[in-house]
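**Student:** Heads up: the protein sequence lines correspond to chains A and B, in order.
According to the working numbering, the stretch in the first sequence is residues 1 to 377, in order.
According to the working numbering, the stretch in the second sequence is residues 1001 to 1377, in order.
Built from N, CA and C at the ideal position, the CB exists for glycine as well.
Since this is a predicted model, take the numbers as computed values, not measurements.
Here it is, the structure in full.
2 protein chains.
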Amino acid sequence: MVWVGPEAEAPSGGQKLDVGGGILMPGLIDCHSHLVFAGSRLGDFLKRMGGESYEALLSGGGGIHTTVAATKSASDAELLALTQGRLARLAKSGVMTVEVKSGYGLEPEAEARLLTIAGEAARAPGMPKVVRTFLGAHALPPGRDRKDYVAEVVGAQLAACKGLAERIDVYCDRGAFTVEEAEQILRAGQKAGLGATLHAEQVAWTGAAELAGRLNIQSADHLERVDEAGIAALAKGGVVAVLLPGAMLQLRDSSPPVMQLRAAGVPMAVATDFNPGSSPVLDVWLVASLAVLTMGLTPEEALKGITRVGAQALGLKDRGRIEVGAVADLAVFEPPSGEKADPRTLLMYMGGHTARIRIQGGRVLADSYQAAIEPSL
Amino acid sequence: MVWVGPEAEAPSGGQKLDVGGGILMPGLIDCHSHLVFAGSRLGDFLKRMGGESYEALLSGGGGIHTTVAATKSASDAELLALTQGRLARLAKSGVMTVEVKSGYGLEPEAEARLLTIAGEAARAPGMPKVVRTFLGAHALPPGRDRKDYVAEVVGAQLAACKGLAERIDVYCDRGAFTVEEAEQILRAGQKAGLGATLHAEQVAWTGAAELAGRLNIQSADHLERVDEAGIAALAKGGVVAVLLPGAMLQLRDSSPPVMQLRAAGVPMAVATDFNPGSSPVLDVWLVASLAVLTMGLTPEEALKGITRVGAQALGLKDRGRIEVGAVADLAVFEPPSGEKADPRTLLMYMGGHTARIRIQGGRVLADSYQAAIEPSL
């Protein structure tokens, strides 16, 4: 963006776009997703709704492992088409930057394949930009020795993925990887020049938030069970708390301690956590509404959570905001019927909002309302 | 519908429509909505999110009264356009029958006006059919004497509305109308030939469910606070329990006792309760997902709740089902990316589903995928 301000002070020349009473937002940021996978987890959903726990499904060889197998069976073309379909849906809702994790490969080539496909999918016109995160430490493959697998993650997997990803992530939890393993993996990623993030304190308290703070990583995500010491560490370490209301609702979980995070000054982002098993929700507006309704974020916090704080969680300072120097990613939304042009009305009306006009890097996208453009001032 | 069965046994002649791996559903039923209104309740939303109760907003002269004033100020043309926009959005999601309540007039002519507009809005091509419900007893207008107002509801208001509505409703709750007042109003409606329904046991337990059972009305809606005696009365009286997960979530309320309703054999419908104050959600798929996630309905119960049991709540036996003798209202949905053609996947993926093909009364609607139609068998 080269200039932002009132119309009367606008520099002459350039293009004029009448947004016609719409709600202008910076392009939305979805800073936590698992977009590249194949196959269904309907079976898991039915079991969960019948009372089985996510942890029990995973430790029984289902959960993530079901998706790893289905993803392995899918061709590159199939995976690309699935990923493009999901990116297109996010794009329609105004998302212009989305983080995409690997984690359904769990082998060096399979992890690299997912990151490659994520990059290819985002090349199609009008797609959101992707920030790719290597998540080889998503689950321990059945039958693998822990120590041996962690060695592979920091060895062959990291070597295969570091050129394809901007970040590294670990699912640190009971039933997944320990705090010690997470530290080893995150340090290896940081040494390889990657940004770092962590699935922390979701199923059980582990002390992962304290680790996140100590390593000054970009974000700690989930945090349903973070304690006071963990919150203090996040604040001290400058770590963004990424809240994932879709997973909280799907797992019928309790809320992260939003009041305490707020009081400690920890920035709070909100993301879809889109994945087939614990958060099958591809609508960043819906999760922002849920962050208000089920977690107690203020509407203003939720709006920042899917824009500037979402960007901050990805280490990006030049998007998620409308100001000089930022990338000119913008989206215009229609207020719900009868409502004012106030972005908080989009949170009040839960989900399903489609951007009427999308501007990516200063360019009005072709599927947007071209008729609204006047040739010049 | 004149015939339903496997392709091999299909009678010859007629039109062939290839649904191409889509999910075939009966046209959806939204059996509780307040669609006809003008104005914003963003102010109430912000106060509620800050901790104020819905009841306090209403008793302070806000809440419903804010919408009554805004609706009064709006022209017929404005109200018609707002209502059509909302109906169109429901239509896109596959809804083919929607109940629409008055209740933002609270005067004889003003109530009749809303019902008239609801009927007009539904006349546009491709709109859902509306079942209209007279809800003069939505709130006591500030400054009005209770007895005098109830007399107006059963007198001048009912006289003005009975030819425009198929049903009558009362908001029976603490801060609204008493069980005794509700009985008087519902009996007057039944005497005038209207079906009857009741907002029951939401904010506080009042005994409204027992009344619903005793009067054998069509449905009792909300029921967050229904007790065992109330559930037994609903079962005995053949009353459908209409569950409204949007309002439950927006008001951060607890769940109705689904296990007990199920055990007593009370049929459970699910509806949007779309209204600007306590359920700004226009997506019947989203509330069906919430019914599973936040109330504990099984996926099968939730699907029945937005189809055949929703129709039952409206006293309609000929829709919400795919069988000989039913109206041929059908909708075809694309499974979420990578999923099987199983309607439960639409519940797992929360909201935002658009019907790819819509068939209303046996006719494929013009905005549907016409290319899929082959001229004849």
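Quick check on L1249/B - is its C-beta less than 8 Å from some C-beta in chain A?
**Tutor:** Here residue 1249/B refers to the residue found at position 249 of the second sequence. Put simply, the CB of L1249/B is near chain A, with a gap under 8 Å to one of its CB atoms.
**Student:** Runs of 4 residues minimum, wholly inside the segment 1074 to 1147 of chain B: which ones carry the alpha helix (DSSP H) assignment?
**Tutor:** 1076 to 1092, 1108 to 1121
**Student:** Quick check: the segment 1072 to 1091 of chain B against the segment 1120 to 1127 of chain B, are there 3 or more CB pairs under 8 Å?
**Tutor:** yes
**Student:** Tell me the residue span of the beta strand (DSSP E) that contains V242/A.
**Tutor:** Counting from one through the first sequence, the residue named residue 242/A turns up at place 242. Where V242/A is concerned, the enclosing beta strand (DSSP E) starts and stops at 240 to 243.
**Student:** Closer than 8 Å by C-beta to V266/A: which residues in its own chain qualify, once you throw out the five before and the five after it? Chain order, please.
**Tutor:** Locating residue 266/A in the first sequence gives position 266, counting from the first residue. Excluding positions up to five away in sequence, the list reads I231, L234, A235, V239, V240, A241.
**Student:** So with CB distances below 8 Å, who are the chain B contacts of L42/A?
**Tutor:** Along the first sequence, one-based indexing puts residue 42/A at 42. Ordered by position in chain B, the residues that pass the 8 Å Cβ test against L42/A are E1339, K1340, D1342, R1344, T1345, M1348.
**Student:** State the DSSP-derived secondary structure class of H65/A, mapped to helix, strand or coil.
**Tutor:** The residue labelled residue 65/A in the question sits at position 65 within the first sequence. Helix at H65/A.
**Student:** Which residues in chain B have a C-beta closer than 8 Å to the C-beta of T66/A? List them in chain order.
**Tutor:** By 1-based counting over the first sequence, the position of residue 66/A is 66. Under the 8 Å cutoff, chain B gives no residues; its nearest Cβ is about 12 Å from T66/A.
**Student:** For chain B, is any of its Cβ atoms less than 8 Å away from the one on G351/A?
**Tutor:** In the first sequence, the residue the question calls residue 351/A occupies position 351. Closer than 8 Å to some Cβ of chain B, the Cβ of G351/A qualifies, so yes.
**Student:** Is there a Cβ from chain A that is less than 8 Å from the Cβ of V1292/B?
**Tutor:** In the second sequence, residue 1292/B corresponds to position 292, counting from 1. Taking Cβ atoms only, chain A reaches closer than 8 Å to V1292/B, which makes this a yes.
**Student:** Among A1112/B, A1313/B, S1337/B, G1305/B, which one has its Cα closest to the Cα of M1025/B?
**Tutor:** Indexing the second sequence from 1 puts residue 1025/B at position 25. Ranking A1112/B, A1313/B, S1337/B, G1305/B by Cα distance to M1025/B puts G1305/B first.
**Student:** Does any CB atom of chain B fall closer than 8 Å to the CB of L286/A?
**Tutor:** Locating residue 286/A in the first sequence gives position 286, counting from the first residue. Interface criterion met: the Cβ of L286/A is under 8 Å from a Cβ in chain B.
**Student:** Taking the Cβ atom as the reference point for each residue, do T1197/B and Q1218/B lie within a distance shorter than 8 Å?
**Tutor:** The residue given as residue 1197/B occupies position 197 in the second sequence. The residue given as residue 1218/B occupies position 218 in the second sequence. Going by C-beta atoms, T1197/B is nearer than 8 Å to Q1218/B.
**Student:** Is G195/A helix, strand or coil by DSSP?
**Tutor:** Start at 1 with the first residue of the first sequence, and residue 195/A comes out as number 195. DSSP places G195/A in strand when its eight states are reduced to three.
**Student:** So Q312/A is in the alpha helix (DSSP H); what residue range does that whole segment cover?
**Tutor:** Taking the first residue of the first sequence as position 1, residue 312/A is located at position 312. Taken as a continuous stretch (DSSP letters only), the alpha helix (DSSP H) holding Q312/A covers 308 to 313.
**Student:** Please give the ranges of any beta strand (DSSP E) in the segment 148 to 204 of chain A, keeping only runs that are unbroken, at least 3 residues long and fully inside the region.
**Tutor:** 167 to 171, 195 to 200
**Student:** Can you confirm whether R86/A, when its beta carbon is compared against all beta carbons of chain B, has any partner nearer than 8 Å?
**Tutor:** Taking the first sequence and counting its residues from 1, the one referred to as residue 86/A is at position 86. Yes - at least one Cβ of chain B is within 8 Å of the one on R86/A.
**Student:** Could you check whether P335/A and L1046/B sit closer than 8 Å to each other, using their CB atoms as the reference points?
**Tutor:** Your numbering for residue 1046/B matches position 46 in the second sequence. Your numbering for residue 335/A matches position 335 in the first sequence. Cβ distance not < 8 Å, so L1046/B and P335/A don't count as in contact.
**Student:** Of the choices E1107/B, G1175/B, A1156/B, L1303/B, whose alpha-carbon is the least far from that of H1199/B?
**Tutor:** Stepping through the second sequence from its first residue, residue 1199/B is reached at position 199. Checking every option, the nearest Cα to that of H1199/B belongs to G1175/B.
**Student:** For a minimum of 3 consecutive residues, which ranges assigned as the beta strand (DSSP E) are wholly contained in the segment 282 to 354 of chain A?
**Tutor:** As summarised for the segment 282 to 354 of chain A, the continuous beta strand (DSSP E) elements at least 3 residues long and confined to that stretch are 330 to 333, given in chain order.
**Student:** I'd like to know whether the C-beta atoms of I322/A and M1/A end up nearer to each other than 8 Å.
**Tutor:** By 1-based counting over the first sequence, the position of residue 322/A is 322. By 1-based counting over the first sequence, the position of residue 1/A is 1. Yes, these two residues count as a Cβ contact at 8 Å.
**Student:** Answer with yes or no whether the minimum CB distance from G39/A to chain C is below 8 Å.
**Tutor:** Absent from the structure: chain C. Protein chains present are A and B.
**Student:** State yes or no: is the beta carbon of R252/A nearer than 8 Å to at least one beta carbon in chain B?
**Tutor:** As a position in the first sequence, residue 252/A is number 252, starting the count at 1. Cβ-Cβ to chain B under 8 Å: yes for R252/A.
**Student:** Determine the burial state of G1020/B: buried for a count of at least 16 other Cβ atoms within 10 Å of its Cβ, exposed for fewer.
**Tutor:** By 1-based counting over the second sequence, the position of residue 1020/B is 20. With fewer than 16 other Cβ atoms within 10 Å, it is exposed.
**Student:** In chain B, what lies closer than 7 Å to F45/A by C-beta?
**Tutor:** Within the first sequence, residue 45/A is the residue found at index 45, counting from 1. Neighbours of F45/A on chain B, chain order: M1348.
**Student:** Can you check whether the C-beta of Y1369/B is within less than 8 Å of a C-beta belonging to chain A?
**Tutor:** Taking the first residue of the second sequence as position 1, residue 1369/B is located at position 369. Residue placement at Y1369/B cannot be trusted, given a pLDDT of 42 that sits under 50; what the coordinates show is reported in the next sentence. With 8 Å as the cut-off, Y1369/B does not count as an interface residue toward chain A.
**Student:** Return the residue from the list V258/A, Q360/A, P245/A that minimises the CA-CA distance to G351/A.
**Tutor:** Residue mapping note: residue 351/A aligns to position 351 of the first sequence, counting from 1. For G351/A, the nearest C-alpha among the options comes from P245/A.
**Student:** Helix, strand or coil: which one does DSSP assign to R217/A?
**Tutor:** As a first step, residue 217/A must be located in the first sequence, where it is residue number 217. Residue identity check: residue 217/A is Ile in the sequence provided, not Arg. Coil at I217/A, not helix or strand.
**Student:** Classify D1030/B as helix, strand or coil using the three-state DSSP reduction.
**Tutor:** Start at 1 with the first residue of the second sequence, and residue 1030/B comes out as number 30. In this structure, D1030/B counts as strand in the three-state DSSP scheme.
**Student:** Report, in whole angstroms, the separation of the C-beta atoms of D1169/B and V1098/B, which I expect to be a contact under 8 Å.
**Tutor:** By 1-based counting over the second sequence, the position of residue 1169/B is 169. By 1-based counting over the second sequence, the position of residue 1098/B is 98. That pair is no contact at about 14 Å.
**Student:** Report the option in D18/A, A8/A, G27/A, A118/A whose CA atom is closest to the CA atom of S93/A.
**Tutor:** Indexing the first sequence from 1 puts residue 93/A at position 93. Minimum Cα distance to S93/A is reached at G27/A.
**Student:** Kindly indicate the opening and closing residues of the alpha helix (DSSP H) around M1259/B.
**Tutor:** On the second sequence, position 259 is the one that residue 1259/B refers to. That run of the alpha helix (DSSP H) goes 1258 to 1263.
**Student:** By DSSP, does F45/A sit in helix, in strand, or in coil?
**Tutor:** Working through the first sequence from its first residue, we reach residue 45/A at position 45. Three-state result, F45/A: helix.
**Student:** Hey, does D169/A have any beta-carbon neighbour from chain B nearer than 8 Å?
**Tutor:** Here residue 169/A refers to the residue found at position 169 when the first sequence is read from its first residue. Under the Cβ criterion of 8 Å, D169/A is not counted among the residues facing chain B.
**Student:** Report the three-state DSSP secondary structure of A1269/B (helix, strand or coil).
**Tutor:** For the purposes of this step, residue 1269/B is taken as the residue at position 269 of the second sequence. A1269/B: strand per DSSP, three-state reduction.
**Student:** Going by DSSP, which residues form a beta bridge with I23/A?
**Tutor:** To locate residue 23/A, count along the first sequence from 1; it is residue 23. Note: I23/A sits in a beta bridge opposite F333/A.
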